[in-house]
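Below: the structure, in structure tokens.
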Amino acid sequence: NEVLLEAKGIRKYFPIKKGLFQLAPSYVKAVDDISFQVFKGEALGIVGESGCGKSTTGRLLIRLIEATAGEVLYKGNNLLNFPNEKMRVIRKDLQMIFQDPYSSLNPRMTIGETLEEPLQNFQFVNKRERKEKIEELLKVVGLGQQAAFRYPHEFSGGQRQRIGIARALSLDPELIIADEPVSALDVSIQSQILNLLQDLKEKFSLTYIFISHDLSVVNHFCDRIIVMYLGRVVEISTKENLFRDPLHPYTQALLSAVPIPNPLAKKERIILSGDVPSPSSPPNGCAFHPRCKACIPRCKTERPSLKQMPNGGYVACHLYD
Ligand code: SF4
Ligand code: MG
Numbered sequence: 002n003e004v005l006l007e008a009k010g011i012r013k014y015f016p017i018k019k020g021l022f023q024l025a026p027s028y029v030k031a032v033d034d035i036s037f038q039v040f041k042g043e044a045l046g047i048v049g050e051s052g053c054g055k056s057t058t059g060r061l062l063i064r065l066i067e068a069t070a071g072e073v074l075y076k077g078n079n080l081l082n083f084p085n086e087k088m089r090v091i092r093k094d095l096q097m098i099f100q101d102p103y104s105s106l107n108p109r110m111t112i113g114e115t116l117e118e119p120l121q122n123f124q125f126v127n128k129r130e131r132k133e134k135i136e137e138l139l140k141v142v143g144l145g146q147q148a149a150f151r152y153p154h155e156f157s158g159g160q161r162q163r164i165g166i167a168r169a170l171s172l173d174p175e176l177i178i179a180d181e182p183v184s185a186l187d188v189s190i191q192s193q194i195l196n197l198l199q200d201l202k203e204k205f206s207l208t209y210i211f212i213s214h215d216l217s218v219v220n221h222f223c224d225r226i227i228v229m230y231l232g233r234v235v236e237i238s239t240k241e242n243l244f245r246d247p248l249h250p251y252t253q254a255l256l257s258a259v260p261i262p263n264p265l266a267k268k269e270r271i272i273l274s275g276d277v278p279s280p281s282s283p284p285n286g287c288a289f290h291p292r293c294k295a296c297i298p299r300c301k302t303e304r305p306s307l308k309q310m311p312n313g314g315y316v317a318c319h320l321y322d
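In full-length UniProt numbering, the protein residues as written are 2 to 322.
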């Protein structure tokens, strides 16, 4: 498997205002030392409950926010210390699709203008070329040519997501990071957009990072899955292994709550007790230990590291030492 992009030890600590009676400043560790590889041509899912750091991770990779530490290797370069001017060029390759494309579309620009902007900034100097490219983009995402003359508010949620996808495709990217791309849509529309993303992946040989809280969506779409909890990676696995034989107790609990037909597993719903702890004061040791039924004494003091398993996956849990 060819590695397209690799995250190494990335962290994002947001400082919280120091209180009057605190000696040291404290931080929200939104992303706390995570590493993974993205293989060329795969759809890699990142799942976890809201606040687990999955969206932050996606944004760190392409520097929509700046990491506190770590490396993101892409074609031999560490993007995290790349000069801004070079980063601007690399960003053509690495595009993002958001949950709500409406908030990232300029309401005063027609769709044609919105799509023309990145083309103008990069390779398409010639007017006729730009027009042809825009027509092609509208076609591949299933919108009529008239869409170019209309404004964002004239479109439904699903159509707006198609526009967001067209924009992400406009500069022929290598990798698309999709952050909850169907979460805001009706279920009937969700599968249309997922099918579109699937078709585009084949057509343009794309690689996806697909961020979602919804395991059934990820199940439909992804080849491998990263499970995050409180800013950390707890498990990385192929989709098949993860759904058949989840290793981490947190993954087991997540999966037990999803109505995915799985004839091999006799599933019993595992109810997670307690709330997700605040990432500003994560529990010591294994961050999952206050909610874990399998907790052993060392879990409370020692943070488990991510270890490779015989099946090729990775898990961060003392039960597998
Ligand atoms: Fe549970 Fe311990 Fe494994 Fe954490 S390390 S998931 S507390 S068994
Ligand atoms: Mg999010």
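Using N, Cα and C, we set each Cβ at its ideal position, and we do this for glycine too.
Starting from G113 and walking both ways along the beta strand (DSSP E), at which residues does that stretch end? For this step, residue 113 is matched to residue 112 along the sequence shown. Unbroken run through G113 is the alpha helix (DSSP H), 112–122; no beta strand (DSSP E).
Check whether the segment 151–164 touches the segment 103–116, taking contact to mean three or more Cβ pairs, one atom from each stretch, closer than 8 angstroms. With the cut-off at 8 angstroms, the segment 151–164 and the segment 103–116 touch.
Backbone CA spacing between K204 and L320 [nearest angstrom]: Walking along the sequence shown from the start, residue 204 turns up at place 203. Walking along the sequence shown from the start, residue 320 turns up at place 319. So the alpha carbons of these two residues sit roughly 43 angstroms apart.
In angstroms with no decimal places, state the Cα-to-Cα distance between I194 and V142. Locating residue 194 in the sequence shown gives position 193, counting from the first residue. Locating residue 142 in the sequence shown gives position 141, counting from the first residue. So the alpha carbons of these two residues sit roughly 9 angstroms apart.
Could you tell me if the beta carbon of P305 falls within a distance shorter than 7 angstroms of some heavy atom in the ligand SF4? By one-based count along the sequence shown, residue 305 stands at place 304. In this structure, P305 has its CB closer than 7 angstroms to one or more heavy atoms of the ligand SF4.
Stretch-stretch touch, CB-based, cutoff 8 angstroms, three pairs: the segment 125–135 with the segment 94–102: Judged by Cβ distances under 8 angstroms, the segment 125–135 makes no contact with the segment 94–102, as fewer than three pairs qualify.
Give me, in chain order, the residues of the same chain whose beta-carbon lies closer than 6 angstroms to that of V235; leave out the 5 immediate sequence neighbours on both sides. Within the sequence shown, the letter at position 234 stands for residue 235. The residues are V228, H249, Y251, A317.
By DSSP's criteria, M229 is part of a beta bridge. Which residues make up the other side? Sequence index remark: in the sequence shown, residue 229 carries index 228 (1-based). Paired residue(s): V234.
Looking only at its own chain, which residues have a Cβ that is under 6 angstroms from the Cβ of L201, when we skip the five neighbours before and after it? Within the sequence shown, numbered from 1, the residue matching residue 201 stands at position 200. Excluding positions up to five away in sequence, the list is empty.
Taking one C-beta from the segment 40–50 and one from the segment 77–88 each time, how about it: are there three or more such pairs within less than 8 angstroms? The segment 40–50 vs the segment 77–88: no contact.
Determine whether the Cβ of T239 lies closer than 8 angstroms to any Cβ atom of chain B. The structure shown contains no chain B; it is built from a single protein chain.
Run through the DSSP bridge pairs and tell me what E7 is partnered with. In the sequence shown, counting from the first residue as 1, residue 7 sits at position 6. DSSP, once it has assigned bridges, lists Q38, L74 as partnering E7.
Limits of the beta strand (DSSP E) - the one that S217 falls within: Translated into positions along the sequence shown, residue 217 becomes position 216. Run containing S217: none in the beta strand (DSSP E); it sits in the alpha helix (DSSP H), 216–222.
Closer than 7 angstroms: is that where the CB of A254 sits relative to any heavy atom of the ligand SF4? In the sequence shown, residue 254 corresponds to position 253, counting from 1. A254 Cβ: outside cutoff for every heavy atom of the ligand SF4.
With respect to the alpha helix (DSSP H) encompassing Q253, which residues constitute its N-terminal and C-terminal limits? In the sequence shown, residue 253 corresponds to position 252, counting from 1. Here the alpha helix (DSSP H) through Q253 covers 250–257.
Inter-residue Cα distance where the pair is K308 and K19: The sequence position of residue 308 within the sequence shown is 307, counting from 1. The sequence position of residue 19 within the sequence shown is 18, counting from 1. Pairing K308 with K19, the inter-Cα distance amounts to about 36 angstroms.
Taking all protein chains shown into account, do 16 or more other C-beta atoms lie within 10 angstroms of the C-beta of E175, making it buried, or fewer, making it exposed? Residue mapping note: residue 175 aligns to position 174 of the sequence shown, counting from 1. By the 10 Å Cβ count, E175 comes out buried.
Reference R168, options R92, E303, K87, closest by Cα: Numbered from 1 along the sequence shown, position 167 holds the residue referred to as residue 168. Out of R92, E303, K87, R92 has the C-alpha closest to the C-alpha of R168.
In whole angstroms, give me the CA-to-CA distance for P305 and C287. Residue mapping note: residue 305 aligns to position 304 of the sequence shown, counting from 1. Residue mapping note: residue 287 aligns to position 286 of the sequence shown, counting from 1. Cα atoms of P305 and C287: separation of roughly 6 angstroms, rounded to the nearest angstrom.
Taking contact to mean at least 3 C-beta pairs separated by less than 8 angstroms, is the segment 252–259 in contact with the segment 211–223? Touching, yes.
Alpha carbon of G158 to alpha carbon of S189, nearest angstrom: For the purposes of this step, residue 158 is taken as residue 157 along the sequence shown, with counting starting at 1. For the purposes of this step, residue 189 is taken as residue 188 along the sequence shown, with counting starting at 1. CA-to-CA, the gap between G158 and S189 works out to about 12 angstroms.
Look at the alpha carbon of P280 and the alpha carbon of L273, and state the distance between them as a whole number of angstroms. Walking along the sequence shown from the start, residue 280 turns up at place 279. Walking along the sequence shown from the start, residue 273 turns up at place 272. Looking at the backbone, the Cα of P280 and that of L273 are separated by about 18 angstroms.
For the ligand SF4, I want to know if H221 counts as a neighbour, meaning its beta carbon is within less than 7 angstroms of at least one of the ligand's heavy atoms. Position 220 of the sequence shown, counting from 1, holds the residue named residue 221. For the ligand SF4, no non-hydrogen atom lies closer than 7 angstroms to the CB of H221.
Please go through the same chain and pick out, in chain order, the residues whose beta-carbon is closer than 6 angstroms to the beta-carbon of L5, but skip the five residues on each side of it. Your numbering for residue 5 matches position 4 in the sequence shown. Excluding positions up to five away in sequence, the list reads V39, K41, T208.
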